[in-house]
Amino acid sequence: METPFWKTKSLEAMTPAEWESLCDGCGKCCLSKLEDEDTGEIYWTSVGCRLFDAGTCRCSDYVNRLARVPDCVGLTPQNVRTISWLPKTCAYRLVAEGHDLYWWHRLVSGSAETVHEAGISMRGRVSASETDLAEPDDYFEHMLDDEP
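This is the structure in structure tokens:
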């Protein structure tokens, strides 16, 4: 049996299709996060990006997201190693750090549903869209105690 590409290739050596397939579809990247200006600490919210489809846990306009959402962060092999808020379960982070993917990742399980079945995704856990919030202070009502 052939060794899976994420165990043999660096992030930089992956094809675009391999890179995209690493996304586990959890939707956590698409949540609004708050940063303490004094400490740099990140606080998670259950507020989804305006393009986030909370049912599928995918971007509704992935191809144009960077143009439509100015603060959207496009993940690259270079920046996944420096983004402190990437979830602990994120496949990009795991591979960058030399770890294997979890059993529920679709590349391991063979199903895009296992991330949801395992309770890892944000499906059913998004409390608002950023378009629903009028003031920056409104995000505090949706702060989470920890990374989802």
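Each residue of the sequence shown is one higher than the last, beginning at 325 in this note's numbering. All residues carry an ideal CB built from backbone N, CA and C; glycine is no exception.
As assigned by DSSP and simplified to three states, the class of residue i
| i | result |
| --- | --- |
| LEU431 | helix |
| ARG382 | strand |
| ALA458 | coil |
Range of the contiguous beta strand (DSSP E) that encloses residue i
| i | result |
| --- | --- |
| THR369 | 366-372 |
| LYS357 | 355-359 |
Exposure label - residue i; buried when at least 16 CB within 10 Å
| i | result |
| --- | --- |
| ARG405 | exposed |
| ALA391 | exposed |
| TYR386 | exposed |
| ALA378 | buried |
| ASP348 | buried |
| SER445 | buried |
| PRO394 | exposed |
C-alpha distance - residue i paired with residue j, whole-angstrom precision
| i | j | result |
| --- | --- | --- |
| GLU326 | GLU342 | 15 Å |
| CYS353 | LEU410 | 7 Å |
| LEU468 | THR369 | 5 Å |
| THR400 | GLU361 | 25 Å |
| THR438 | GLY351 | 14 Å |
| ASN388 | THR363 | 33 Å |
| TRP427 | GLU441 | 11 Å |
| VAL397 | PHE464 | 22 Å |
| HIS423 | GLU459 | 40 Å |
Beta carbon of residue i nearer than 7 Å to that of residue j
| i | j | result |
| --- | --- | --- |
| ARG449 | CYS381 | no |
| ALA415 | LEU346 | yes |
| VAL371 | SER384 | no |
| GLU471 | ARG374 | no |
| HIS429 | SER451 | no |
The alpha helix (DSSP H) enclosing residue i, as first and last residue numbers
| i | result |
| --- | --- |
| HIS440 | 438-441 |
| GLU344 | 340-345 |
| TRP474 | Since the first residue shown for the chain is 325 and the last is 472, residue 474 is missing from the structure and cannot be characterised. |
| THR488 | As displayed, the chain neither begins before 325 nor continues past 472, which places residue 488 out of reach and without an answer. |
| LEU390 | 389-392 |
| LEU418 | 415-420 |
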